[in-house]
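Participant:
Protein chains: 2
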Amino acid sequence: MARPTIADIAERAGVSKGAVSFALNGRPGVSEETRRRILAVADEMNWRPHRAARSLGNSRAGAVGLILSRPARTLGLEPFFGQVVSGLQAGLAEDGTALQLLVVEDPEAEMAAYRNWTAEKRVDGFVLLDPLIDDPRFPALEALDVPVMVLGGPLPDTSLSYSWADDSEAMHEAVDYLAALGHRHVVHVAGMPQFLHTKRRMDVLTEAKARHELAEVVSIPTDYSDSEGAVITRRVLSRRERPTAIVYDSDVMAVAGLGVALEMGVRVPQDLSILSFDDSLLARLTHPALTALTRDTQGWATEAARELLRLIADPSLTVRHPSSTPVLVPRESTAPPAGH
Amino acid sequence: MARPTIADIAERAGVSKGAVSFALNGRPGVSEETRRRILAVADEMNWRPHRAARSLGNSRAGAVGLILSRPARTLGLEPFFGQVVSGLQAGLAEDGTALQLLVVEDPEAEMAAYRNWTAEKRVDGFVLLDPLIDDPRFPALEALDVPVMVLGGPLPDTSLSYSWADDSEAMHEAVDYLAALGHRHVVHVAGMPQFLHTKRRMDVLTEAKARHELAEVVSIPTDYSDSEGAVITRRVLSRRERPTAIVYDSDVMAVAGLGVALEMGVRVPQDLSILSFDDSLLARLTHPALTALTRDTQGWATEAARELLRLIADPSLTVRHPSSTPVLVPRESTAPPAGH
DNA sequence: CATTTGCGGGCTTTCTACGGC
DNA sequence: AGCCGTAGAAAGCCCGCAAAT
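Those sequence lines, one after another, are chains V and P.
Oh and the first sequence: position 172 is 171 in numbering that gives the first Met the number 0, straight run, nothing missing.
Oh and the second sequence: position 148 is 147 in numbering that gives the first Met the number 0, straight run, nothing missing.
#1: Can you pull the chain P neighbours of N343/V, defined as C-beta to C-beta under 7 Å?
#2: Which residue or residues does DSSP assign as beta-bridge partners of W116/V?
#3: Can you tell me the Cα-Cα spacing of D42/V and A51/V, whole angstroms?
#4: When Cβ atoms are compared, which residues of the stretch 286 to 315 of chain P fall closer than 8 Å to chain V?
#5: E215/P lies in the alpha helix (DSSP H); which residues open and close that run?
#6: Could you name the residues of chain P that F137/V contacts, counting a contact when the two beta carbons are closer than 7 Å?
#7: With DSSP as the reference, label M191/V as helix, strand or coil.
#8: Which residues in the same chain have their Cβ closer than 6 Å to the Cβ of V19/V, if we skip the five residues on either side of it in sequence?
#9: To the nearest angstrom, how far is the alpha carbon of A291/P from that of M170/V?
#10: Mind pulling the chain V residues with CB within less than 7 Å of F80/P?
#11: I want to verify the contact list: residues of chain P whose CB lies under 7 Å from the CB of Q99/V, in sequence order.
#12: Along the stretch 120 to 148 of chain P, what residues have a CB closer than 8 Å to any CB found in chain V?
#13: Could you pull the DSSP bridge partners for R319/V from this structure?
#14: How far does the alpha helix (DSSP H) with L177/V in it reach, from first residue to last?
#15: Using the beta-carbon of each residue, which ones in chain V are nearer than 8 Å to L236/P?
#16: Could you name the residues of chain P that V254/V contacts, counting a contact when the two beta carbons are closer than 9 Å?
#17: Is the CB of A62/V under 9 Å away from at least one CB in chain P?
#18: Work out the CA separation of V40/V and V29/V for me, nearest whole Å.
#19: S279/P and F21/P: beta carbons closer than 9 Å?
#20: Return the first residue and the last residue of the beta strand (DSSP E) that V235/P is part of.
#21: Along the beta strand (DSSP E) that carries A288/V, what are the first and last residues, could you check?
#22: Taking the alpha-carbon of A1/P as reference, which of E31/V, M44/V, V145/V and G86/V has the nearest alpha-carbon?
#23: By DSSP, does A1/V sit in helix, in strand, or in coil?
#24: Taking CB distances under 9 Å as the criterion, tell me whether S85/P reaches chain V.
#25: Identify the contact partners of A118/P in chain V, using a Cβ-Cβ distance below 8 Å as the criterion.
#26: Could you give the distance in angstroms between the alpha-carbon of V126/V and the alpha-carbon of P153/V?
#27: Whose C-beta lies closer than 7 Å to the C-beta of L159/P among residues of the same chain, with five residues either side of it excluded?
#28: Pick from D165/P, L23/P and P321/P: whose alpha carbon is nearest that of N45/P?
#29: How would you list, in chain order, the residues of chain V whose beta-carbon sits under 9 Å from the beta-carbon of D225/P?
#30: Is DSSP giving I8/V helix, strand or coil here?
#31: Based on the DSSP output, what are the partners of S272/V in its beta bridges?
#32: So with Cβ pairs under 9 Å, would you call R340/P a contact of chain V?
#33: Do you know whose CA, among E212/V, L308/V and A260/V, lies nearest S124/V's CA?
#34: Using C-beta distances below 6 Å, list every residue in its chain close to V102/V, excluding the 5 sequence neighbours before and after it, in chain order.
#35: Step through the CB atoms of chain P and report whether any lies within less than 9 Å of the CB of A214/V.
#36: For a contact meaning CB atoms closer than 9 Å, what does L38/P contact in chain V?
Written out as structure tokens, the structure reads:
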């Protein structure tokens with residue numbers, strides 16, 4: 000026996016397809032009694048609407064896209080992505096909307112995927128991660144005229160919607176904390192320099208140098224890999240004038256850096272404080288556990304997903320959604336520098 | 000200007016819709032010259048087939064489902080899931096097929112989702128993780144008569160397809176290695192007892208006890224959480240007769256266990272060897288780095304995805320796909336026990 | 001053989017007809 | 001005659017394919 004359709008229900012209930020449709024969608028046009036009868040029949044036949052058929056009619060795909068141009072391995076390596084994916088999924092599931100995930104090798108493929116998925120009406124909107132400085136994706140997506148929610152911001156000069164957390168404020172908190180502990184030589188092992196949030200964090204650091212009269216503050220951009228994190232750490236710890244504190248832009252790099260410190264006999268936190276601008280299980284499982292700026296990434300993504308759904312429902316909206324600022328969680332990897 | 004349809008192309012090229020369809024799908028029925036002209040117009044108008052329309056016709060959804068009944072956080076915590084998701088995605092993307100992910104709270108919701116998604120024709124098939132002993136999902140999915148690929152196996156008494164890695168063999172290798180190093184007291188911090196692979200690993204251990212004349216081999220089931228891993232480790236290390244080696248069923252638990260050892264002043268690997276039956280960045284970033292059974296989880300998932308696509312193309316198939324056995328990678332956390 | 005016509009797939013929605021006041 | 005609520009008929013969404021030209 001094949002899957003039942005509204006035509007089957009209509010026949011069984013002795014009404015027309017149209018009446019069935021109205022009844023099932025809770026729209027006016029049928030009497031209460033007819034509605035009840037139709038619903039009973041539909042339930043009895045265990046009917047569910049055919050997704051494709053519904054999409055074809057109302058031109059809603061019932062899915063949103065998340066396209067990442069990172070090495071495919073990244074998803075398994077960076078806890079951040081798992082949190083974002085499950086957070087988005089949770090927000091979308093409330094609505095029965097699906098998440099379509101695509102991992103591509105380069106930004107060109109990413110742009111092509113936006114165009115294709117939009118042209119195919121495969122998705123109703125997109126979630127964007129890691130906004131760049133002068134991000135070429137923004138004008139492209141504005142031209143496509145498709146609902147987009149960017150995770151990160153604030154974004155200058157764009158009509159795209161975004162959900163942002165104040166990581167400038169968070170970085171302030173981190174530097175203030177280190178300065179208060181007495182650190183004057185701080186190194187920032189940053190993320191990709193083209194990322195907007197990387198720039199924002201680096202700016203805060205530059206500014207903090209003057210404010211706190213720090214002796215040295217350097218930001219060193221990386222590709223977020225554990226190996227680069229380790230290399231940079233090894234390099235800065237090999238200098239005559241060692242930093243007394245290092246801030247890492249991801250916990251993966253922070254853990255790698257901690258490993259280098261151990262390997263070089265640099266004690267954490269006595270000789271070196273380590274602070275991670277990113278928190279996950281990773282940061283909590285190391286010894287010493289890492290002081291970190293933590294936030295509810297998953298909850299953030301869930302909220303963003305809800306906003307995207309609103310945006311899809313009403314494309315005239317522009318959302319500027321503030322989410323909670325990352326919070327400093329002191330653990331065992333930070334302390335006053337030696338001699339303080 | 001709205002999205003172009005084949006009708007628009009037909010009009011512009013001065014032919015009928017049918018001719019356009021033949022041309023675009025590379026079927027006979029149009030002359031070479033007409034075909035070229037049609038393709039040129041389609042390209043110029045940047046046409047892509049409407050997903051829903053295509054699905055409706057050929058009754059392929061162009062997506063497969065992955066439904067997980069685990070706490071939503073798990074996805075961000077366990078690197079395994081990120082690897083599986085990105086691996087599946089890679090295999091499916093080759094075909095333009097999408098991956099639909101759903102994280103639910105309990106097994107009932109999982110079963111309901113299988114039924115709904117099948118009834119809605121939302122997906123063409125499913126990927127199943129973590130097969131259980133007497134798994135209730137199997138008969139349910141067999142009844143739904145939908146293509147399914149189980150990640151894990153071999154599975155007794157089922158017509159479902161699966162892709163399996165020989166983790167019995169891998170566990171043998173691990174125990175043989177520890178025995179060869181001279182360990183006689185081994186504890187196995189296992190995963191969920193209802194998981195088939197947990198049982199299989201526990202069985203190997205029981206059997207190994209006799210074979211190697213070990214003094215003690217215990218398997219202790221857990222929920223895979225870092226906290227349970229830590230609790231169990233603390234407990235067994237507090238006994239009068241400590242084990243000299245612990246095998247963990249996940250690297251998250253292994254890292255947590257390593258932390259407990261450090262906290263208790265138990266030196267790794269001098270006083271205690273740690274072996275993780277699961278490998279990820281996590282196991283490599285700790286100090287000492289963890290000896291682990293490693294496998295290409297992502298590649299495994301990619302192969303499974305390809306098999307599932309074959310299965311969808313030809314539902315009469317039954318796939319029993321062997322993938323490579325996990326391999327022991329000795330790192331710094333294992334050594335002969337004291338006095339050897 | 002090249003091309004057109006037209007239907008099917010399942011659902012939504014608009015338009016029209018009907019019966020009752 | 002005119003208005004209401006209800007229900008049926010049919011068009012439309014877009015593509016693929018079979019049958020007809």
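Yeah, the Cβ is synthetic: ideal placement off N, Cα and C, and Gly gets one too.
Keep in mind that this is a model prediction, so the values were computed, not measured.
Facilitator: Here's the rundown:
#1: Because chain V here runs from 0 to 339, residue 343/V falls outside it and cannot be looked at.
#2: Paired residues: none, contrary to the question.
#3: When only Cα atoms are considered, D42/V and A51/V end up about 21 Å apart.
#4: Those residues of the stretch 286 to 315 of chain P that come within reach of chain V (Cβ to Cβ, closer than 8 Å) are H286, T296 and Q297.
#5: That residue, E215/P, is in no alpha helix (DSSP H); its beta strand (DSSP E) goes E215 to I219.
#6: Chain-ordered listing is empty here: chain P has no CB closer than 7 Å to the CB of F137/V, the nearest sitting near 20 Å.
#7: M191/V: coil per DSSP, three-state reduction.
#8: So the list reads I5, I8, A9 and I37, once near-sequence residues are dropped.
#9: Approximately 37 Å, taken between the alpha carbons.
#10: In chain order: G81.
#11: Chain P residues near Q99/V: A97.
#12: So the close ones are K120 and R121.
#13: Answer by DSSP bridge pairing, in chain order: Y161/V.
#14: Looking at the DSSP string, the run of the alpha helix (DSSP H) that includes L177/V is D166 to L180.
#15: None at all; the shortest Cβ gap to chain V is about 15 Å.
#16: Under the 9 Å cutoff, chain P gives L280, L281, L284 and T285.
#17: Yes, its Cβ sits closer than 9 Å to a Cβ of chain P.
#18: Looking at the two C-alpha atoms, the distance is approximately 15 Å.
#19: In this structure, F21/P does not lie closer than 9 Å to S279/P by Cβ.
#20: Not the beta strand (DSSP E): V235/P falls in the alpha helix (DSSP H), residues D225 to L236.
#21: Counting along the chain, A288/V falls outside any beta strand (DSSP E), and DSSP gives it neither H nor E.
#22: Nearest neighbour of A1/P by Cα position, chosen from E31/V, M44/V, V145/V and G86/V, turns out to be V145/V.
#23: Here A1/V sits in coil by DSSP.
#24: By this cut-off, S85/P is an interface position.
#25: Those are R2, N45, W46 and R47, listed as they occur along chain V.
#26: Their backbone Cα atoms lie some 15 Å apart in a straight line.
#27: Taken in chain order, the residues that qualify are F137, L140, E141, V147 and V149.
#28: The residue among D165/P, L23/P and P321/P with its C-alpha nearest the C-alpha of N45/P is L23/P.
#29: Against chain V, the beta carbon of D225/P has neighbours under 9 Å at L280, R283 and L284, listed in chain order.
#30: In the three-state reduction of the DSSP assignment, I8/V falls in the helix class, which pools H, G and I.
#31: Bridge pairing for S272/V: A244/V [DSSP].
#32: Lying outside 0 to 339, the shown extent of chain P, residue 340/P is not represented and no answer is given.
#33: Reading the sequence as shown, one finds Gly at residue 124/V and not Ser. Shortest Cα-Cα distance from G124/V to any of E212/V, L308/V and A260/V involves L308/V.
#34: Cβ neighbours of V102/V beyond the five flanking positions: L67 and A71.
#35: Not an interface residue.
#36: Correct list: empty, because the minimum Cβ distance to chain V is about 16 Å.
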